[in-house]
Structures are given as structure tokens and as C-alpha cells.
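For what it's worth, numbering that gives the first Met the number 0 labels the leading residue of the sequence shown as 0, then goes sequentially. We put the CB at the ideal spot given by N, CA and C, even for glycine. Everything on this sheet refers to the single structure shown next.
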Amino acid sequence: MSVLGSRVIDPALYPYPFLPRMPDLLFGSDRPDGVRLYAHRLSVWLGGAAAVRESRRELEPDIVHFQHAINKRLDHRLLKQLGQQTTVMWTAHDVLPHEHTRRDRARFARIYQAADGVIVHSQPAAEELQELSGVQATVIEHPVDDRVHATDRTDARRELGLPTEGRLLSALGFVRPYKGYELLADVWDALGLDAPTLLVMGELHSRSEQAVVDRLARSPRVVVRLGYAEDADLHRAISASDAILLPYSGGSDSGLLHLGRACGTPVIASDAAQLAASVVATDSGLTLPRTVAAWATAVRGPLPPPPPAPPSPEETGRAHLEAYQAAIHGATLGLTSRAGAGTPRAA
């Protein structure tokens with residue numbers, strides 16, 4: 000197995016063959032605006048598509064598996080082209096982007112229809128994907144990195160410059176509209192000095208969220224650390240926390256939930272359907288309606304127990320291999336109709 004990733008990533012960070020051949024997608028607030036943004040996206044897609052095609056010719060893999068879109072408007076063209084030479088898989092971590100538009104429904108339906116197999120991480124996601132595209136997806140639990148382990152909670156708090164005593168909750172990663180931080184601001188405003196300490200750490204992904212971050216920063220019980228959070232920062236913050244807060248207004252699974260599983264830190268999450276399904280399936284914490292009263296009670300009341308140990312990467316890997324074999328078999332027999340919109344395909 001070889002993984003294609005951004006040219007800005009150090010291959011030494013990975014224990015498997017990592018090929019830094021893809022352009023940088025420039026997430027976060029440093030992205031260009033307006034016409035420059037579209038020009039950048041086109042150049043990224045052209046460079047990324049060329050890197051994928053060249054790597055396929057060089058490596059001759061049985062499967063090309065996409066874990067992330069390069070360009071939602073153009074990726075279906077690349078998948079159709081690759082599908083003429085090899086079997087193509089796609090993991091839909093989110094069936095639709097978090098801040099999607101009406102046109103994105105048709106764009107992602109074309110992507111799913113162009114693949115030989117699609118993987119999702121929950122049954123509600125599989126149902127949404129089939130309703131959107133007619134494609135029957137395979138449900139496989141989100142992998143959990145076994146290289147991530149909890150560090151001592153007190154030491155982690157000291158390293159972050161946080162109080163070593165008392166309850167510490169965290170809201171981590173990119174600050175984006177779907178993450179629902181306005182609910183946290185309302186809860187911490189309502190609780191005032193009776194609120195536990197909240198750590199907000201991550202990069203402001205959307206300028207629309209600046210106002211809610213400013214509200215949180217004014218609370219005497221909130222510590223805001225804006226800026227890109229490296230993996231080590233996130234692992235340290237999760238180890239320091241008594242629980243991770245996921246007040247999402249939508250979306251699906253959360254990588255933070257699975258980092259919490261690796262570190263033994265539970266989550267308090269909204270009842271957004273796909274997120275809640277993942278929390279329940281993995282016994283990772285508590286789900287709540289998105290009301291100030293429910294969350295104010297939860298952040299001060301008894302916390303969920305630590306989540307159970309996740310399955311090994313080998314177990315999750317075997318499930319992926321089974322999905323690969325089914326996709327290869329279907330493509331070989333001609334059961335996959337790449338041109339047939341809405342046709343369910345083996346996965």
C-alpha cells in the first residue's frame with residue numbers, strides 16, 4: 000500500500016509508504032479569496048489528478064482508494080478515467096460537505112456513481128448516500144489510529160498551561176459553522192462563573208465564526224487558542240480533557256470522537272443523526288438535543304465513562320479488504336455501470 004498526500008507533509012511521520020505528490024489544498028483562513036480561490040482549486044485539481052494518474056501508471060495498484068475529494072466539480076471525470084484501468088473506491092466521510100450547496104447534491108452523486116465501491120461509517124450515512132445517488136455503500140467503522148495514546152492528564156494540562164485541578168472540557172479542530180459553537184457560547188454565558196473550564200483550540204476556518212469565538216473568549220471560564228492545531232497539540236488537549244464537546248448542528252462522523260476513543264476520553268455530542276449513530280455504536284459518550292438547558296446540565300453533571308478500547312487496525316483493515324474484493328469482483332464481471340446514474344453497485 001502507498002498513500003498519496005500533500006507535498007507539505009513529512010513522509011517520516013507515517014509508518015507506511017507515503018508519497019508527498021499532491022498539491023496543498025490550503026484549508027483554513029489562509030486560503031485565497033474570490034477568483035484567486037477558483038484558480039487555486041483548478042490548479043490543485045490539475046496537479047492532483049496528474050499525480051494520481053502518474054502514480055497509478057508507476058505502481059499499477061489493484062485499487063485506487065480516495066479518502067478525500069480533490070475538486071467536487073471535477074473528481075467524477077478522474078474516477079471515470081481511472082476506472083477504465085483499475086478498480087476505484089471512495090470513502091464518504093461526509094456524504095455531503097458540511098457547508099454544502101444545492102448543486103453539491105448532483106456533484107457528489109456523480110462521484111459516488113463513478114466509483115466501483117463506496118465506504119461510509121454509519122448506517123444513516125449509507126441510507127443518505129443511497130437516497131442521494133442510488134449507490135449501495137458498505138458500512139465500515141471509522142479506523143482508530145493505534146499509535147495514538149493518552150498521556151498523563153496532569154502533565155498534559157501543565158504543558159498546555161491550563162489549570163491542573165477541576166473539570167476541563169474541550170472543543171477542538173477547525174472552527175466551522177456546522178460545529179455549532181454558538182451553542183457553547185450560549186451555555187457558557189448562561190452558566191457564568193459556575194461553568195467548567197472550556198478549552199477552544201483550532202484554526203478559524205470561516206470568518207463568519209469570528210463573532211462566536213469572540214463571545215467565547217470573553218467568558219472568564221473559556222481559554223481560546225486560535226491557530227492551526229498540529230496532531231500533537233490535539234492529542235495533548237484530548238489527554239488533558241475530561242470530555243470532548245461536539246455540539247454539531249449537522250455533519251456526520253467526527254475524527255475527534257475517534258481520537259477520544261484512542262485516548263480514553265468520552266464525548267458529549269449533539270443528536271445530529273449520523274454523529275449520534277457513531278457515538279452510540281462505539282459507546283463513546285453522551286448525545287443530547289441542541290438546547291442550552293440540556294447542555295448546561297450535561298457539562299456540569301456526571302460525565303460519561305471512558306469509551307471502550309476500539310477494534311484493532313487489523314480488524315478494520317480486514318473489513319476494507321472484503322470491500323475491495325467485492326468491488327474488484329463487481330468491476331471484473333461488469334456489474335458496475337459507471338455511466339448509469341442511480342444504479343446501485345456492489346461494494
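From the options, residue whose alpha carbon lies closest to that of residue i
i: PRO162; options: ALA236, ALA231, GLU314 and HIS97; result: ALA236
i: PRO246; options: PRO304, PRO14 and TYR177; result: TYR177
i: LEU320; options: ARG52, GLN209 and GLY116; result: GLY116
i: ARG146; options: ALA293, TRP294, ALA322 and GLY259; result: GLY259
i: ALA194; options: GLY201, VAL186 and GLY172; result: VAL186
Coil, strand or helix - residue i by DSSP
i: ASP75; result: For the record, residue 75 in the displayed sequence is His; it is not Asp. Three-state DSSP puts HIS75 in a helix.
i: PRO176; result: helix
i: THR335; result: With a pLDDT of 42 at THR335, under the threshold of 50, the predicted position of this residue should be treated as unreliable, though the coordinate-derived value follows. In the structure shown, THR335 sits in coil (DSSP, three-state: anything other than H, G, I, E or B).
i: ARG224; result: strand
i: THR264; result: coil
i: ARG20; result: strand
i: SER205; result: coil
i: LEU302; result: coil
i: SER277; result: helix
i: VAL7; result: coil
i: SER42; result: helix
i: THR286; result: strand
Residue i versus residue j: straight-line alpha-carbon distance, rounded
i: VAL279; j: LEU167; result: 23 Å
i: GLU130; j: ARG152; result: 44 Å
i: SER5; j: LYS79; result: 23 Å
i: SER28; j: TYR227; result: Here SER28 scores only 48 on pLDDT, less than 50, and its place in the model is too uncertain to base an answer on.
i: ALA242; j: LEU198; result: 11 Å
i: ALA268; j: ARG102; result: 29 Å
i: VAL2; j: HIS64; result: 9 Å
i: GLU98; j: ALA125; result: 19 Å
i: ALA216; j: GLU158; result: 21 Å
Residue i and residue j closer than 7 Å at C-beta
i: VAL298; j: SER283; result: no
i: ALA318; j: ILE139; result: yes
i: LEU203; j: LEU233; result: no
i: TRP44; j: ILE69; result: yes
i: GLN273; j: SER121; result: yes
i: ARG175; j: SER207; result: no
i: ALA170; j: LEU244; result: yes
Jot down the residue ranges of each uninterrupted alpha helix (DSSP H) in the region 51 to 116, minimum 4 residues, whole runs only, in chain order.
Taking only runs of at least 4 residues, the alpha helix (DSSP H) segments lying wholly in the region 51 to 116 are 74 to 81 and 103 to 113.
Inside the region 226 to 251 only - alpha helix (DSSP H) runs reaching at least 4 residues:
Segments of the alpha helix (DSSP H) lying fully in the region 226 to 251: 230 to 239.
4 or more residues per run - each alpha helix (DSSP H) lying fully within the region 123 to 191
Those alpha helix (DSSP H) runs which fall completely within the region 123 to 191 and span 4+ residues are 152 to 159 and 180 to 190.
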